[in-house]
Structure formats: structure tokens, C-alpha cells
Amino acid sequence: MFRADLDAIDIKILRELQRDGRMTNVELAERVGISAPPCLRRVRKLEEAGIIEGYHALLNGPKLGFDLVAFCMVGLKRQADADLKSFAGRVANWPIVREAWMVSGDSDFLLRCAAENLSVFQNFVIEVLTADEHVDTVRTMLTIRQVKRLGLVEV
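Numbering (this note's numbering) for the sequence shown: 22 to 176.
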């Protein structure tokens with residue numbers, strides 16, 4: 022299924038679910054202007070096509086004791102495919118890293134990290150990240166405040 026295959030109702034469904042993934046099918050159907058059975062069929066079709074990848078809760082990090090969010094721009098010593106894959110595999114096992122992107126430009130990876138405090142983050146950067154055999158450079162950016170938070174894409 023490609024965007025061209027999505028009609029106006031599918032787009033409305035995606036917008037509504039991205040705003041609130043917990044609503045019932047009946048609520049969703051009312052919001053998009055169709056009855057519940059065809060709405061459910063459409064949602065299942067979007068799920069099966071991989072357009073809807075899943076549902077999750079957005080957690081408030083500071084209320085859970087994660088007061089620090091930082092970004093790390095990581096440059097590797099070599100950009101060979103094996104090195105990139107090896108580093109990406111290790112990143113997957115670091116709980117402090119909440120998102121990781123392979124990027125182009127001055128760095129090879131951009132990591133979004135969430136930590137309890139500055140000390141925990143510093144320990145991660147020094148003892149884990151810069152100690153990794155593939156890592157050449159690490160530049161960190163501490164966040165001040167999140168000013169926008171939306172779903173991954175606009176539909």
C-alpha cells in the first residue's frame with residue numbers, strides 16, 4: 022500500500038490514531054465519519070500493510086526520574102559496512118539510548134539518550150560510548166526543554 026492507495030478516510034484514521042492510539046474503534050469511526058465495522062477493516066488493512074507499526078504509550082521521562090535528555094553525534098573510525106552494523110548492534114543493547122539514527126554528514130550516528138541525571142549520562146559517554154572500539158569522535162548536546170512533540174510523520 023502506497024500513499025496513493027490511501028483515501029481521505031485512511032488519512033483521517035492515521036491522523037486520529039497518531040493523536041490518540043487508545044481510543045476505541047467506535048470512537049475512531051465517529052471521528053472519521055464512518056461506521057465501526059468498515060473502520061476496523063481499514064485499521065487492520067493499514068496494520069497489515071505496515072503503515073501502522075504498533076501502538077505505545079508516551080511516557081513523561083522527568084516524572085519517572087529521567088531528568089536528562091541529550092543527543093550524541095558519533096563518528097566512527099571507519100565507515101565499512103561491518104563496522105556500521107557492529108556499532109548499530111551494540112547501540113541496540115544500551116538502554117540509555119532511546120533512538121538511534123545512522124546519518125550522513127559530520128557524524129555517522131545520532132543518538133537520543135535519556136538518563137536519570139548528568140552523572141549517569143557522563144558515565145555512559147565516558148565508560149561505554151567513547152570506550153567502544155569503533156568510536157572515533159563523540160559530540161554531545163544537552164537539551165534544555167522540549168518545545169515540540171508530534172508523531173513521526175504528518176499525514
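Using N, Cα and C, we set each Cβ at its ideal position, and we do this for glycine too.
This structure is a prediction, so every number in the text was calculated from the model and none was measured.
Item to complete: Find out if the Cβ-Cβ distance for the pair residue 131, residue 162 is shorter than 7 Å.
Response: Not a contact, by the Cβ cut-off of 7 Å.
Discussion item. Count Cβ pairs between the segment 99 to 114 and the segment 50 to 65 that sit closer than 8 Å; are there 3 or more?
Written reply: Result no; under three Cβ-Cβ pairs closer than 8 Å.
Discussion item. Between residue 155 and residue 108, how many whole angstroms is the CB-CB distance? I'm expecting something under 8 Å.
Written reply: By a beta-carbon distance limit of 8 Å, residue 155 contacts residue 108. Their separation comes to about 5 Å.
Worksheet item: Looking at the unbroken alpha helix (DSSP H) that takes in residue 31, where does it start and where does it end?
Response: Per DSSP, the unbroken alpha helix (DSSP H) holding residue 31 starts and ends at 29 to 40.
Worksheet item: In this structure, what does DSSP give as the bridge partners for residue 44?
Response: In the DSSP assignment, residue 44 is bridged to no other residue.
Worksheet item: Can the beta-carbon of residue 138 be found closer than 7 Å to that of residue 80?
Response: Not closer than 7 Å, so no.
Discussion item. Considering only their Cβ atoms, is the gap separating residue 157 from residue 105 smaller than 7 Å?
Written reply: Against a cut-off of 7 Å, the Cβ pair of residue 157 and residue 105 comes out as no contact.
Fill in: Enclosing beta strand (DSSP E) for residue 90 [first to last residue]
Membership of residue 90 in the beta strand (DSSP E) is indicated by the continuous run 89 to 97.
Fill in: Local conformation of residue 120 per DSSP, three classes
Reduced to three states, the DSSP call for residue 120 is strand.
Item to complete: Go through its chain and collect everything with a Cβ distance to residue 167's Cβ below 8 Å, but skip five positions before and after it.
Response: Cβ-Cβ distances below 8 Å link residue 167 to 90 in the same chain, with the five nearest sequence neighbours on each side left out; the list follows chain order.
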